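Taken in order, the first sequence gives residues 176 to 768; the numbers are from our numbering.
Beta carbons: idealized from backbone N, C-alpha and C, even for Gly.
What you are looking at is a predicted structure, and each value in this text was computed from that prediction instead of being measured.
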Amino acid sequence: MSTDAKNNTALMEKIVSLCKRRGFIFQSSEIYGGCGGVWDYGPLGAELKRNLRTAWWNAMTRDREDVLGLDASILMNPAIWKASGHVETFADLMRECSLTNKRVRADHVDPQDGVIMNYTGAEAATGWKLDRVISVLMKKGEHIESFRKRVRLLIASNAGEAAGKPEEIVLLGEAKADAVEGSIDYHPETGGALGPARPFNLMLKTYLGPTATEDDVTYLRPETAQAIFAQFKNVFDASRVKVPFGICQIGKAFRNEVTPKNFTFRSREFEQIELEFFIKPDEAIEIISGEVAAWSEGADLSEPQANWGWDLWHRYWVDQRTKFYEGIGLGGVLEYYWQTPEDLAHYARACVDILCNFPFGTEELEGIAARGSFDLTAHQNASGKSQEVFDEELKVAAAKLTDEQKEAMIQKRLAAEQSKVKGAPMAEADVRAWFERLFKGNYVPHVIEPSAGLDRMALAIIANAYEETEKTDEKGKKEVITVLKLHPRVAPIKVGVFPLLKNKPELVAKAREVYALLKRHMNVFYDETASIGRRYARQDEVGTPFGITIDFDTLGEKGPELLDTVTLRHRDGGEQERVKISDLLWKLLAEVS
RNA sequence: GCGGGUGUAGCUCAGUGGUAGAGCAUCUCCUUGCCAAGGAGAAUGUCGCGCGUUCGAAUCGCGUCACCCGCUCCA
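In C-alpha cells form, the structure reads like this:
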C-alpha cells in the first residue's frame, strides 16, 4: 500500500472512531459481535441524518411547485420486481473461477479450447502458501512459459500483498491433463476452472404471510424508485398536476451486497433519497413548441422552459443537485462522470454520476439518469394498466399538424430507432401506433431520475468536515485538535450554551435562561462542566458551529451597555462577537436553517 | 466468495502460558474571569464468541463472527 493509501486508511479509521466515540454511528448489534454491513446512527448521527433529510425534502418539495412527496412501503407485490427486471438481474446463476474468484454468469461462458494443466498448490518466498489443487486451461497456441507467467500473475493478484512478487511464486506439482474442445467449465478470461452454478441473489428475500411457503416469497425493496413508478397514476390522479412534475421519496432499501465495505458507504440496509421527474417525450415538445431547445455550453439552466426536452431537463437536474450539495457544504469536493454510451443501460439515454471525495477514493454519491419511458412502460406492460397521461395542450397542437408533418416526424423517429447503439429498434408498426396515441394527446411520460444515498451523503459530510490541527500549548506539549467543519444547516448541535464558571449562580441562571430561549427552535447543548476551553473543544469535535458564553459582562459588571449581551463564538477560526440576548434567536436561525 | 491483517476499558493501544494494564475520555468534589489548566477521588473489561490443549489460556490449536486491506461484485 502506498503512503497515501495508508494515510487515508488511517484517516478513515479516525473518522470511524470519532463516529463511535461521540455517538454518530455505531456498529449494529455490537454486543452480539455485530451484523455484517449494517450500521446504527447514534444521537448525533440521527440528528445529522434528519437535517440532511429535511434539507433534501425542502429543496425538492417545499421550495418547488412541481414536486410531490410519497412514502411507500418497503414490501410490495413481488410482480413489481419481475416487471422492473430486478428478479432477473439480481438473481443470476453465477459460476466462480477457482483461481481468481472472478464470477461470470453461468449462461455467458464462451466455449474454450486448450489443454488442462493441474497444480497441487503454490508457494512464495514470503512464506505464503496455497494448499489446494489448481486447475487451469492453457489456451490453444499459448506458450507454456507465458502460460505459467500468467497463472502466477493471477494467483498473485488474488493473494494480495502476502504472496509478494508474482515472478517469485512457485507453482507446485505441474501435471498436464486432457485436451478439451468447446469446454464451458473454464473462465473465458483467466482460464481457471469454474465452480458449480450458484444463484447470487442481491435482493433480500422474505415471506409475506405466516405460512412462509414459496408462494409467499417477496423481497425487501432494493430501491425506492419502483414504488414511485407503481404509484405514479394514483399520485397523478390525486394531485391535479400536469407533466412536467416529479414525485420524490425518502426510504430504506436493502441489498445483499457481496462485499459491504468502507464503513457505511456500501451497506446492506441503506436509505435512498430519490426523485422521479416526469417529462413529456421530445416529440410532444416538438409538436407543442415547434422545436426542442438545444443545449449549448453556458446555457441558462436556472428556470425550466416549456421547450426543454429530456437533455435540458437532465442537465437542469444535474445543476439543481449541484446547488443542493453546495448548500450543505459539499460544493468543493464534487466530481462528475458522464457515462459513455457503452456504460449506459440499454434503456438509459444519459446518466451522470455525482462523485464525492472520500478518504477511500472518489465514489458515487448520486446518479442522475435520463431513463426515457422505460420504467412506466415496463409496469404498463406487466400490469396491463395504462400509465399514459392525457395532455390537452398536445392534442390541440397536434390537431394543427398536416399529415405530411406527422409523417415526417414518424420517419425521423424510425431513422433514430435504426441507428440505436444498444437494444433492439422499435418495430415500425409500434412506432406508428405510438405516434397515433401521441397525436391524440396520450403518452407515457419520460423520466429524469436523480437518485442519491442518504447514508453516503452523511458519510461524505462527516469525512469532508473532519479536520485535524496540531497545537502546542505554553508548556510545549503538542496535542491534536479535531474539528468537524460541518455546515451549520447540517450540524447535529447548532449551538452550545456555557456559563463561564459554574460556581457562580448568577452566570448559571442566565445561561439556563438563554438555553431555554433557544432550545425550542434548534438543537442546543448546555454544558457547565470543565474549563471553557475544553467545552469549546468538545463542541468543535462534533461540529457545533456556534458557542454562547455567559460571562460577567452579561451580568452588567462592566456597565449597562454590555448588560444582557453574550459572547458568540464561531467554530471556524474561533472569533468572538458580542451579541444581545434578544438578537440571538434571529441571528442564529438565519445561519442554521 | 477468495487471500492477508486485526479484535484487550468509551477511544487509542501495551501486555508471548502464572492475580488485567497505561494514556486520553467519563463521573463526583474542590479549584478555574474565554479556547482540551490544576488538585483529590471514583467507576469501567467473561481480553469478539465457541470448543479444545494445559495444573493453569488474553497468550497455544481449531472453528466462528465482525471490521480493515487487496481481488471480485456494484441493477
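DSSP-derived helix/strand/coil call for residue i
i: Val213; result: coil
i: His521; result: coil
i: His318; result: coil
i: Ala544; result: strand
i: Thr229; result: helix
i: Trp513; result: strand
i: Val467; result: coil
i: Thr184; result: helix
i: His696; result: coil
i: Ala705; result: coil
i: Pro674; result: strand
Pick from the options that is closest to residue i, judged by C-alpha positions
i: Ala557; options: Met235, Asn252, Val191; result: Asn252
i: Arg744; options: Pro735, Thr719, Val262; result: Thr719
i: Ala350; options: Val290, Glu263, Arg396; result: Val290
i: Thr644; options: Gly209, Ala684, Val279, Thr657; result: Thr657
i: Arg278; options: Ala372, Gly316, Ile454, Ala299; result: Ala372
i: Val308; options: Leu347, Pro397, Thr537, Ala691; result: Leu347
i: Ala254; options: Gly220, Gln287, Leu395, Asn233; result: Leu395
i: Ala638; options: Val527, Glu205, Gly220, Thr388; result: Gly220
i: Arg546; options: Glu624, Ala574, Ala481, Tyr618; result: Glu624
i: Ala180; options: Thr704, Phe533, Glu579, Asp550; result: Phe533
i: Ala459; options: Ser203, Lys679, Glu568; result: Glu568
i: Glu541; options: Ser548, Glu579, Thr497; result: Thr497
i: Glu642; options: Leu661, Thr577, Leu377, Ala553; result: Leu661
i: Lys436; options: Leu634, Gly507, Ser561; result: Leu634
i: Ile190; options: Val242, Val717, Glu478; result: Val717
i: Lys314; options: Asp285, Gln555, Asp747; result: Asp285
i: Thr275; options: Leu329, Asn678, Phe322, Lys257; result: Leu329
i: Ser248; options: Asp758, Lys304, Phe429; result: Phe429
i: Lys560; options: Asn409, Thr386, Ile707; result: Asn409
i: Gly708; options: Phe700, Met697, Thr724; result: Thr724
Alpha carbon of residue i to alpha carbon of residue j, nearest angstrom
i: Glu808; j: His362; result: For residue 808 there is no data in the structure shown, the boundaries of the chain being 176 and 768.
i: Glu688; j: Lys694; result: 10 Å
i: Glu320; j: Ser310; result: 16 Å
i: Leu487; j: Leu250; result: 35 Å
i: Lys224; j: Gly296; result: 50 Å
i: Thr399; j: Pro516; result: 25 Å
i: Gly384; j: Asp391; result: 6 Å
i: Asp702; j: Phe673; result: 5 Å
i: Tyr690; j: Trp231; result: 28 Å
i: Val754; j: Thr704; result: 23 Å
i: Leu675; j: Gly722; result: 11 Å
i: Lys455; j: Trp483; result: 9 Å
i: Arg713; j: Val242; result: 40 Å
i: Ser768; j: Met378; result: 38 Å
i: Cys526; j: Gly749; result: 42 Å
i: Ser203; j: Gly357; result: 48 Å
i: Gln447; j: Lys304; result: 43 Å
i: Lys444; j: Asn431; result: Here residue 444 is Glu; the residue named in the question, Lys, does not match the sequence. Taking the straight line joining both Cα atoms gives about 8 Å.
i: Val606; j: Gln514; result: 27 Å
Beta-ladder partner(s) of residue i, from DSSP
i: Glu642; result: Val658
i: His621; result: Ile454
i: Lys304; result: Glu298
i: Ser626; result: Glu449, Gly542
i: Gly367; result: Val311
i: Tyr382; result: Val392
beta-carbon residue i near the ligand GTP non-hydrogen atom, thresh 7 Å
i: Thr724; result: Only the bare structure without any ligand can be found here, which leaves the ligand GTP out of the picture.
Legend entry - At least three beta-carbon pairs within less than 8 Å, the region 437-450 to the region 613-633: yes
Legend entry - Segment contact flag, the region 593-605 with the region 518-528, C-beta cutoff 8 Å, min 3 pairs: yes
Inset, instruction - Would you be able to state if there are at least three C-beta pairs under 8 Å between the region 736-743 and the region 658-667? - result: no
Legend entry - Contact between the region 367-386 and the region 199-219 (3+ Cβ pairs under 8 Å): no
Inset, instruction - Inspect the CB distances between the region 420-430 and the region 184-203 and report whether three or more fall short of 8 Å. - result: no
Inset, instruction - Flag this pair as touching only if the region 580-587 and the region 601-619 have three or more C-beta atom pairs under 8 Å; answer yes or no. - result: yes
Legend entry - Three CB pairs or more closer than 8 Å across the region 456-473 and the region 188-206: no
Inset, instruction - Flag this pair as touching only if the region 449-456 and the region 399-410 have three or more C-beta atom pairs under 8 Å; answer yes or no. - result: yes
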